[in-house]
Amino acid sequence: MKDHDTEGKLRALIGEAHSADRPPSFRRTWDAARRFRATRGPVWALIPALAAVGLLIVWSARPRPGSPPALQEIQAVEWSAGVIPRLRFATLGASGPLDFLLETPGSELLHTVPTFDTDRSFP
Amino acid sequence: MNYSALEEEIERLHPASFSWALACCGWSRHEAEEVLQVAYFKVLEGRARFDGRSTLKTWLFGVIRKTAADQRRRRLFEVLALHRWFSRREAPAKAPPADEQLGQEQRRARVVHALAQLAARQREVLDLVFYQEMTVEEAAQVMGVTVGTARVHYDRGKRRLLEKLSAEDCG
């Protein structure tokens, strides 16, 4: 009996919580859902378009024959002939506008080892 | 069930569906309308399909419940992204209630507040049983839980709701 009373009380209380519900018109809600459906294209229709864009990106970024390599090597100092430090700068793919700054006078002496011919002339 | 029969049935259930959506959205009218619209959209698009394994009401309420949970998650992300700050709506101005209405409104607000303090599943099972006149078995189907679990939430929910309301009466 007590349980029955409790349930009756809860029923009344929850009914009171819903006393001001006032649902919106069904037609308005249903039509809004239908309009939303009409304006939304099928998602799967986008898949070929996205695949085409992806292929285009991959194709445009592919390495082309004859183009300079990106960064082949960086070796700061290489000792050769046991005496002369030979500087070998990185072979950079792109040539920048300030690359001439790296060309110091007499740099060929750093790149080459002097050799003497049999007639003892300096190359 | 063909399309027009389904639409007719959903129209018949519309007031109950809205009340259920309100309960799922913590009595926020704006959110409940949005949830109901998205739930109907799912039905129209065929993403939610009635297979006749339960009653149409149980199935539709399940769709509404799931939609409300999805919307709640989405809204959380929106809040985190400060989206809500930009799309804030002006609340419509309300006429001041008469004294009698005020008393009724206060009582209603007190119950809504007490319900909001319950765990979501306790609130849902109580609403389905006491307001939507469902059995605990049907409520379990809507909530996607076992009957045993629904029964536990039902018993705990009843006890906690009465405790909350009596605590508010005393306080």
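Line by line, the protein sequences are chains A and B.
Residue numbering for the first sequence follows numbering that gives the first Met the number 0, starting at 0 and increasing by one per position.
Residue numbering for the second sequence follows numbering that gives the first Met the number 0, starting at 0 and increasing by one per position.
Backbone N, C-alpha and C define an ideal beta-carbon position, used for all residues, glycine too.
Within-7 Å CB hit, residue i to chain B
i: Phe99(A); result: no
i: Ala32(A); result: yes
i: Gln71(A); result: Its pLDDT being 47, under 50, Gln71(A) is placed unreliably by the model, and the measurement read from it follows with that caveat. Not one chain B Cβ lies under 7 Å of Gln71(A).
i: Trp29(A); result: yes
i: Glu102(A); result: no
i: His17(A); result: yes
i: Ile13(A); result: yes
i: Asp2(A); result: no
i: Leu45(A); result: no
i: Pro62(A); result: no
i: Pro23(A); result: yes
i: Leu9(A); result: yes
Alpha-carbon spacing of residue i relative to residue j, whole angstroms
i: Val146(B); j: Val135(B); result: 7 Å
i: Gln121(B); j: Glu6(A); result: 15 Å
i: Phe35(A); j: His3(A); result: 46 Å
i: Gly95(A); j: Leu101(A); result: 11 Å
i: Trp26(B); j: Phe129(B); result: 16 Å
i: Ala20(B); j: Gln140(B); result: 16 Å
i: Ser3(B); j: Arg155(B); result: 41 Å
i: Glu132(B); j: Arg158(B); result: 19 Å
i: Leu161(B); j: Leu9(A); result: 8 Å
i: Trp58(A); j: Ala50(A); result: 12 Å
i: Leu12(B); j: Lys56(B); result: 7 Å
i: Trp58(B); j: Gly51(B); result: 9 Å
i: Glu44(B); j: Ala31(B); result: 20 Å
i: Pro124(A); j: Thr114(A); result: There is simply no residue 124(A) to check, as chain A begins at 0 and stops at 122 in what is shown.
i: Ala31(A); j: Gln36(B); result: 7 Å
i: His152(B); j: Arg74(B); result: 26 Å
i: Arg61(A); j: Ala44(A); result: 27 Å
i: Phe40(B); j: Ser16(B); result: 14 Å
i: Ile46(A); j: Pro22(A); result: 39 Å
i: Val111(B); j: Pro14(B); result: 19 Å
i: Ala16(A); j: Val34(B); result: 19 Å
Extent of the continuous alpha helix (DSSP H) run through residue i
i: Pro47(A); result: Leu45 to Ser59
i: Ser18(A); result: No alpha helix (DSSP H) contains Ser18(A), which DSSP labels as neither H nor E.
i: Ser27(B); result: That residue, Ser27(B), is in no alpha helix (DSSP H); it is neither H nor E in DSSP.
i: Glu107(A); result: Glu107 to His110
i: Val135(B); result: Val135 to Met142
i: Ala118(B); result: Looking at the DSSP string, Ala118(B) is not in any alpha helix (DSSP H), and its letter there is neither H nor E.
Cutoff 7 Å: residue i Cβ touching any chain A Cβ
i: Ser18(B); result: yes
i: Glu10(B); result: yes
i: Leu35(B); result: yes
i: Val111(B); result: yes
i: Phe49(B); result: no
i: Phe129(B); result: yes
i: His152(B); result: no
i: Glu32(B); result: yes
i: Leu55(B); result: no
i: Tyr39(B); result: yes
i: Ala43(B); result: The sequence as given places Leu at residue 43(B); Ala does not occur at that position. Yes, contact with chain A.
i: Arg107(B); result: yes
i: His29(B); result: no
Reduced DSSP secondary structure (H/G/I, E/B, other) of residue i
i: Thr28(A); result: helix
i: Thr5(A); result: helix
i: Asp50(B); result: coil
i: Ala89(A); result: Because Ala89(A) sits at a pLDDT of 49, beneath the cut-off of 50, its placement in the model cannot be relied upon, and the following sentence gives the value as read from the coordinates. Note: Ala89(A) maps to coil in three-state DSSP.
i: Pro14(B); result: helix
i: Gly61(B); result: helix
i: Gly95(A); result: coil
i: Arg45(B); result: Looking at the sequence itself, residue 45(B) is Gly, so the reference to Arg does not match. Correct three-state label for Gly45(B): coil.
i: Gln105(B); result: helix
i: Gln131(B); result: coil
i: Glu102(A); result: coil
i: Thr114(A); result: coil
Heavy atom of the ligand FAD within 6 Å of residue i beta-carbon
i: Gln105(B); result: Although the ligand FAD was asked about, the structure shown includes no ligands whatsoever.
Residue nearest to residue i in terms of C-alpha spacing, selected from the options
i: Ala47(B); options: Glu32(B), Arg64(B), Ala31(B) and Leu75(B); result: Arg64(B)
i: Glu7(B); options: Arg26(A), Gly14(A) and Leu55(A); result: Arg26(A)
i: Glu167(B); options: Val124(B), Leu114(B) and Glu137(B); result: Leu114(B)
i: Val124(B); options: Gly51(B), Leu79(B), Leu12(B) and Phe60(B); result: Phe60(B)
i: Leu127(B); options: His13(B), Cys23(B), Asn1(B) and Val42(B); result: Cys23(B)
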